[in-house]
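*Asks:*
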Amino acid sequence: MNEQGPGSKVSAEQIRARLEIVAPFAHAVRSFSCTDGHEQIPGIAKSMGLRTMVGIWLDDDLEKNELELANALDIARSGHVDILAVGNEVLLRGDLTEDQLLDYMQRAKQGAPDVDVGYVDAYFKFVDHPRVTEACDVVLANCYPFWEGYPTQHALVYMKAMYHRAVAAANGKKVIISETGWPNVGTAEGEAVPSYEAALKYFVDTYQWAEAENIDIYYFSAFDETWKVAAEGDVGAYWGLWDGAGQPKYF
């Protein structure tokens, strides 16, 4: 939630209020954690008819990782998981080794044998780590032309190239774009400039391409989150399609 960063507790009421805003416009939602109240998201989302990509947050806190995994498997056994995302950019951040990540993925597969298991990272990591790609039932690729400094007039072309690099690495496995988006306020990244017009153009271009090519995309993000300024600078707070109060920014 807007000012609630990692480790903050979220309530079922908060989750339901946010999902009620999103549900009329989405087929599926992605969560990033299975602790601190986030474990309630999949069940509430399912009650609203949404598909779920349920994230297991992994980092260098090995004790917390065990709780994340245990909770995720409980959720899977409840029937509330369509895709289980084991880790988010842990290789990009260097929080875990490849072998450690593969162990978590294998344990997730053993504990949830009827659920597709994947891993989320930047698209090029699936080229760099073929063992991880092979372990995925589905490849979950983050594609951000903004963070690589591309201007909006070329952003969709470059995002397509990112996607197709992941497709080539996946060797026939399904590839989902697990994150992409564009901020509307903040400091430029190279030639990538945040603005209302740029963010709206990128969203429309991405949506139309995904619809035409039947590509699954989780757009980042639903809501503005002010807590992200600490990690990403001023631009981090303005990736939402809705503002922090739940008001639509573009319609």
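Numbering (my numbering), first residue to last: 132 to 382. Glycine included, every Cβ here is placed at the ideal spot set by N, Cα and C.
If you follow the beta strand (DSSP E) that Asn219 is part of, which residue opens it and which one closes it?
*Replies:* Taken as a continuous stretch (DSSP letters only), the beta strand (DSSP E) holding Asn219 covers Ile214 to Asn219.
*Asks:* Do you know how far the Cα of Val160 is from the Cα of Ser352?
*Replies:* Ser352 and Val160: Cα-Cα distance of roughly 10 Å.
*Asks:* DSSP three-state call for Met184: helix, strand or coil?
*Replies:* Met184 falls in the strand class under three-state DSSP.
*Asks:* Does the beta-carbon of Ser164 have 16 or more other beta-carbons within 10 angstroms, so that it is buried, or is it exposed?
*Replies:* Answer is buried; the Cβ neighbour count reaches 16.
*Asks:* Return the first residue and the last residue of the alpha helix (DSSP H) that Asn202 is part of.
*Replies:* Start and end: Leu193 to Arg208.
*Asks:* DSSP on Ile308, reduced to helix/strand/coil?
*Replies:* Looking at Ile308 - three-state DSSP - the assignment turns out to be strand.
*Asks:* Shortest alpha-carbon distance to Thr283 belongs to which of Asp252, Asp213, Gly321 and Val248?
*Replies:* Closest by alpha carbon: Gly321.
*Asks:* What ranges does the alpha helix (DSSP H) occupy inside the segment 226-260, keeping only unbroken runs of at least 4 residues that lie completely in it?
*Replies:* Runs of the alpha helix (DSSP H) inside the segment 226-260: 229-242 and 256-259.
*Asks:* Alpha carbons only, please: which of Gln237, Gly225 and Leu271 is nearest the one belonging to Val185?
*Replies:* Of the listed residues, the one whose Cα sits closest to Val185 is Leu271.
*Asks:* Less than 8 Å between the C-beta atoms of Pro276 and Tyr294, yes or no?
*Replies:* For Pro276 and Tyr294, no; Cβs fall outside 8 Å.
*Asks:* Thr311: which of Asn302, Asp365 and Tyr254 sits nearest, CA to CA?
*Replies:* Minimum Cα distance to Thr311 is reached at Tyr254.
*Asks:* Counting Cβ pairs closer than 8 Å, one from the segment 228-244 and one from the segment 141-159, do we hit at least three?
*Replies:* Judged by Cβ distances under 8 Å, the segment 228-244 makes no contact with the segment 141-159, as fewer than three pairs qualify.
*Asks:* Around the Cβ of Thr264, are there at least 16 other Cβ atoms within 10 angstroms (buried) or fewer (exposed)?
*Replies:* Answer is buried; the Cβ neighbour count reaches 16.
*Asks:* Once you ignore the five residues that flank Val258 on each side, which residues in its own chain have a CB closer than 7 Å to its CB?
*Replies:* Arg296 and Ala300, listed in sequence order.
*Asks:* Going along the chain, which residues of its own chain have a beta-carbon closer than 7 Å to the beta-carbon of Lys140, five neighbours each way excluded?
*Replies:* Excluding residues within five positions, the ones whose Cβ falls inside 7 Å are Asp167 and Gly168.
*Asks:* Where do the N-terminal and C-terminal ends of the alpha helix (DSSP H) with Ile172 fall, by residue?
*Replies:* It spans Ile172 to Ser178 - the alpha helix (DSSP H) in which Ile172 sits, taken as one unbroken run.
*Asks:* Please report how far the alpha carbon of Leu189 lies from the alpha carbon of Gly218, in whole angstroms.
*Replies:* The straight-line gap from Cα to Cα measures roughly 5 Å.
*Asks:* When you compare only the Cα positions, how much space is there between Ile346 and Thr228?
*Replies:* Approximately 30 Å, taken between the alpha carbons.
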